[in-house]
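*Asks:* Handing you this structure, nothing more for now.
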Amino acid sequence: MKQQKDKSTKNQKYLAIFLAATMVLSVFVALTNNGSNSNDNNISTPEVKDNSTISFSQVPGKQVHHQFNSITDGLNMSPEGVTSAIYVDLQKATGTPVESIFGNITMMRSIYGSDVTKRYSTTYTNGGGFELHQIPEQKILMPWGAAPYDGYNLLARTNNTYDIWNVVGSPVILGPRQSVEKVIDVLEGNATSTSEFNQILSQADPANVLFQEVTTKTNKTEIPADQYYMDLKKLDDGSYSQTSIFLNVKPEMAENITTYKANSSDRGVTYNVTTSGNLTKLEMTSDFAALYNETKLLSL
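Note that the sequence shown ends on residue 368 in this note's numbering; no numbers are left out.
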């Protein structure tokens, strides 16, 4: 029993380090960057009772109806200019080390009063962003107020303390008012969704992912390529699979991949490397601790 507990503790520690460099976005970091003391004459502010919830069907106006099973689905709802994004299936991650980093399905009850089973976060060059959340219960805490936009109702999540709004549906949108409105523009065909990552995602397999990430090289990001994709999956035998895809991989990283692939079996890691034009795809399979160590080697 002690050995199993030690192994679990180590796995959580490895994941914390393994994903520390990824864009683990706090909803409040992403959303309050653009928010402060918003006032709007169109906002109504009904009385709010503690823990009062309403069903989505009680919210008048249009609601979101969009496929939401991968990072690609999130990007298809995102306005142009995305620099990085993550997608986490919190339900599938339950009981895995991923849960210790990204939280569990109850992590956003203080905002919604309901469980969130899937989460998508995105950021832009200006530091702004928004999130998408899947809420199977189809209910939400009573908002502080509402403001109409293009047939939808934007619900105020704070009492004018921060600029945080959401729109109900599948999935729910959460973010600063301007960001939420831009997502609606995409949904209504009045704006173009982001296409920055179409090429790199053409080589990705979203089936059964726990976690997906995309990021592009900017003045604020250091990645071993012009663009980078990574996903993590848990396999039926309890091992993990990590897929990394590089657009115009840096020579140092390409050299590291070749070097460590040669004797990867000595470290208990299986490599599969393929190239297609300017894309390099690396798939590694092992237990979680070995994947962490291999990722550390490659990044040197």
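From the three backbone atoms N, C-alpha and C, an ideal C-beta is built for every residue, glycine too.
Look up residue 164 in the DSSP assignment and say whether it is helix, strand or coil.
*Replies:* The count along the sequence shown starts at 1 and reaches residue 164 at position 96. In the structure shown, residue 164 sits in coil (DSSP, three-state: anything other than H, G, I, E or B).
*Asks:* Take residue 172 and list the residues in its own chain whose beta-carbon comes closer than 7 Å to its own, dropping the five residues that flank it on each side.
*Replies:* The residue labelled residue 172 in the question sits at position 104 within the sequence shown. If we look at residue 172 and ignore the five residues flanking it on each side, its Cβ neighbours are 158 and 162.
*Asks:* Is residue 295 closer than 8 Å to residue 284 when the C-beta atoms are compared?
*Replies:* The count along the sequence shown starts at 1 and reaches residue 284 at position 216. The count along the sequence shown starts at 1 and reaches residue 295 at position 227. Contact flag set, yes.
*Asks:* Taking only the alpha-carbon atoms, compute the straight-line gap between residue 275 and residue 311 and give it to the nearest angstrom.
*Replies:* On the sequence shown, position 207 is the one that residue 275 refers to. On the sequence shown, position 243 is the one that residue 311 refers to. Rounded to whole angstroms, residue 275 to residue 311 spans 12 Å at the Cα level.
*Asks:* Under 8 Å, do residue 282 and residue 297 count as touching if we go by C-beta distance?
*Replies:* Here residue 282 is taken as the residue at index 214 of the sequence shown, counted from 1. Here residue 297 is taken as the residue at index 229 of the sequence shown, counted from 1. Taking 8 Å as the Cβ cut-off, residue 282 and residue 297 qualify as a contacting pair.
*Asks:* Give the secondary structure of residue 274 by DSSP, where H, G and I count as helix, E and B as strand, and everything else as coil.
*Replies:* By one-based count along the sequence shown, residue 274 stands at place 206. Correct three-state label for residue 274: coil.
*Asks:* Hey, could you find the ends of the beta strand (DSSP E) residue 206 is sitting in?
*Replies:* Taking the first residue of the sequence shown as position 1, residue 206 is located at position 138. Neither: residue 206 is in no beta strand (DSSP E) and is coded neither H nor E.
*Asks:* Which of the three DSSP states is assigned to residue 325 in this structure?
*Replies:* Here residue 325 refers to the residue found at position 257 when the sequence shown is read from its first residue. It is helical.
*Asks:* Does DSSP put residue 139 in a helix, a strand or coil?
*Replies:* As a working note, residue 139 is residue 71 in the sequence shown. If DSSP states are grouped into helix, strand and coil, residue 139 belongs with the helices.
*Asks:* Beta carbon of residue 198, beta carbon of residue 243: below 8 Å?
*Replies:* Position 130 of the sequence shown holds residue 198. Position 175 of the sequence shown holds residue 243. Contact flag set, yes.
*Asks:* Indicate whether residue 148 and residue 289 have their beta-carbon atoms separated by less than 8 Å.
*Replies:* For the purposes of this step, residue 148 is taken as residue 80 along the sequence shown, with counting starting at 1. For the purposes of this step, residue 289 is taken as residue 221 along the sequence shown, with counting starting at 1. Contact flag unset, no.
*Asks:* When the Cα atoms are used, what is the spatial distance from residue 329 to residue 339?
*Replies:* In the sequence shown, residue 329 corresponds to position 261, counting from 1. In the sequence shown, residue 339 corresponds to position 271, counting from 1. Whole-angstrom Cα-Cα distance: 6 Å.
*Asks:* Quick check on residue 362: does DSSP put it in helix, strand or coil?
*Replies:* In the sequence shown, residue 362 corresponds to position 294, counting from 1. Helix at residue 362.
*Asks:* Going by the beta-carbon positions, is the gap between residue 271 and residue 325 smaller than 8 Å?
*Replies:* As a working note, residue 271 is residue 203 in the sequence shown. As a working note, residue 325 is residue 257 in the sequence shown. Contact flag unset, no.
*Asks:* By alpha-carbon positions, which one of 215, 291 and 200 ends up nearest to residue 146?
*Replies:* By one-based count along the sequence shown, residue 146 stands at place 78. When only C-alpha atoms are compared, the closest one is 200.
*Asks:* Are the CB atoms of residue 175 and residue 120 within a distance shorter than 8 Å?
*Replies:* If you number the sequence shown from 1, residue 120 lands on position 52. If you number the sequence shown from 1, residue 175 lands on position 107. Taking 8 Å as the Cβ cut-off, residue 120 and residue 175 do not qualify as a contacting pair.
*Asks:* Looking only at its chain, what residues have a beta carbon closer than 6 Å to the beta carbon of residue 269, apart from the 5 residues adjacent to it on each side?
*Replies:* Along the sequence shown, one-based indexing puts residue 269 at 201. Excluding sequence neighbours, residue 269 sits near 140.
*Asks:* Between the alpha carbons of residue 309 and residue 351, how many angstroms are there, rounded?
*Replies:* For the purposes of this step, residue 309 is taken as residue 241 along the sequence shown, with counting starting at 1. For the purposes of this step, residue 351 is taken as residue 283 along the sequence shown, with counting starting at 1. Distance between the alpha carbons of residue 309 and residue 351 is about 7 Å.
*Asks:* Between which two residues does the beta strand (DSSP E) holding residue 296 run?
*Replies:* As a first step, residue 296 must be located in the sequence shown, where it is residue number 228. Per DSSP, residue 296 belongs to the beta strand (DSSP E) from 295-302.
*Asks:* Take the Cβ of residue 327 as the centre, count every other Cβ of all protein chains shown within 10 Å, and call the residue buried at 16 or more, exposed below.
*Replies:* The residue you call residue 327 lines up with position 259 of the sequence shown. Residue 327 should be labelled exposed.
*Asks:* For residue 344, I'd like the list of residues in its chain whose CB is within less than 8 Å of its CB, leaving aside the five on either flank, ordered along the chain.
*Replies:* Residue numbering aside, residue 344 sits at position 276 when the sequence shown is read from its first letter. These residues qualify, in order along the chain: 271.
*Asks:* On the DSSP letters alone, give me the boundaries of the alpha helix (DSSP H) that residue 247 sits inside.
*Replies:* Along the sequence shown, read from residue 1 onward, the residue named residue 247 stands at position 179. Start and end: 245-255.
*Asks:* Among 348, 221, 144 and 218, which has the Cα closest to the Cα of residue 292?
*Replies:* In the sequence shown, the residue the question calls residue 292 occupies position 224. Measuring from the Cα of residue 292, the nearest candidate turns out to be 348.
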